[in-house]
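Residue numbering for the sequence shown follows my numbering, starting at 296 and increasing by one per position.
Cβ atoms here follow ideal geometry from the backbone N, Cα and C, with glycine treated the same way.
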Amino acid sequence: MKHDDIWRALDTLAAEKGLSASGLARKSGLDPTTFNPSKRRMPDGRARWPSTESVAKVLEATGATLEAFTALVSGAPVLSSAGASRGASPRRVPIIGFAQAGTEGYFDDGGFPLGGGWDEVVLHDITDTHAYALKISGESMEPVFRHGDTVVVSPAAPIRRGDRVVVRTSRGEVMAKQLARRSARRVELHSLNRDHPNHVFDLKDVTWMHRIIWASQ
């Protein structure tokens, strides 16, 4: 277990709840600066670990289990509770990179993957026969999704505000974002990494939007 892994798990849990590091601390009844980057090192440069009391308060405030937090620390694959049921047979899922996803020939008009040109990955717990996998490109969804992570996307899964989604626009742009708002006319998408911009599209300019149901880190 590494110092950086603990802090990354806290950052990921904060992002999962739509919070900053200071927001997570405040929600947990701690000083807002408790999880700030400046507090993660001693004055002499040595690593500072979050206290077990702080972690316990975070778990209580967010409703996360110790098992789930440990999985974040270890980098174990995470299956969304909205994903498919456990115990499903292994499934061969088509996988491509984001750059390929923006080109023609990989999806039909409804956003379903077309045969040919795809590599495949074998995954468990995926029941949607139209599910496909994408390799994350860029840093806009850190710390939840990092460059090179694999996400599995389900065209069949219902989408609600706050869900992580993959969107393709009429201009061929493909991006992973968080759905912030959707009206009859517009879609607002947020980056989890605050150093990256959010986006607002007219609904007519969104070719399709599919929900991320699984992430491998």
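Check: In its own chain, which residues sit with a C-beta less than 8 Å from the C-beta of Val-417, not counting the 5 before and 5 after it?
Finding: Pro-385, Arg-386, Arg-387, Val-388
Notebook entry, point to check: By how many angstroms is the C-alpha of Ser-317 removed from the C-alpha of Arg-456?
Noted result: Here the alpha carbons of Ser-317 and Arg-456 stand approximately 23 Å from one another.
Note to self: What would DSSP say about Thr-307, mapped onto helix, strand or coil?
What the structure shows: helix
Next item on the list: Under 8 Å by Cβ, that's how I've got Arg-506 and Asp-458 pegged, so tell me the actual separation to the nearest angstrom.
Entry: 5 Å
Check: Exposed or buried, which one is Ala-510 when buried takes at least 16 other CB atoms within 10 Å?
Finding: buried
Notebook entry, point to check: Excluding sequence positions up to five away, which residues of its chain have a Cβ less than 6 Å from the Cβ of Ser-323?
Noted result: Lys-352, Val-353, Ala-356
Note to self: What does DSSP give as the partner residue(s) for Glu-355 in the beta ladder?
What the structure shows: Paired residues: none, contrary to the question.
Margin query: If I measure Cβ to Cβ from Ile-390 and keep anything under 8 Å in the same chain, skipping five residues before and after, which residues do I get?
Written below: Trp-413, Asp-414, Glu-415, Val-416, Tyr-427, Ala-428, Leu-429, Lys-430, Thr-445
Item checked: Start and end residues, alpha helix (DSSP H) containing Lys-237 -> The structure shown has nothing for residue 237, since the chain only spans 296 to 512.
Notebook entry, point to check: With respect to the beta strand (DSSP E) encompassing Trp-509, which residues constitute its N-terminal and C-terminal limits?
Noted result: 501-511
Next item on the list: Apply the 10 Å Cβ neighbour rule to Pro-450 and answer buried if 16 or more other Cβ atoms are within range, or exposed otherwise.
Entry: buried
Item checked: Contact under 8 Å by Cβ, Glu-468 with Ala-475 -> no
Item checked: Simplified DSSP assignment, three categories, for Ala-363 -> Of the three classes helix, strand and coil, the one that applies to Ala-363 here is helix, per DSSP.
Notebook entry, point to check: Which first and last residues belong to the beta strand (DSSP E) in which Leu-429 is found?
Noted result: 427-430
Check: If you draw a straight line from the alpha carbon of Asn-493 to that of Gly-340, how long is it in whole angstroms?
Finding: 35 Å
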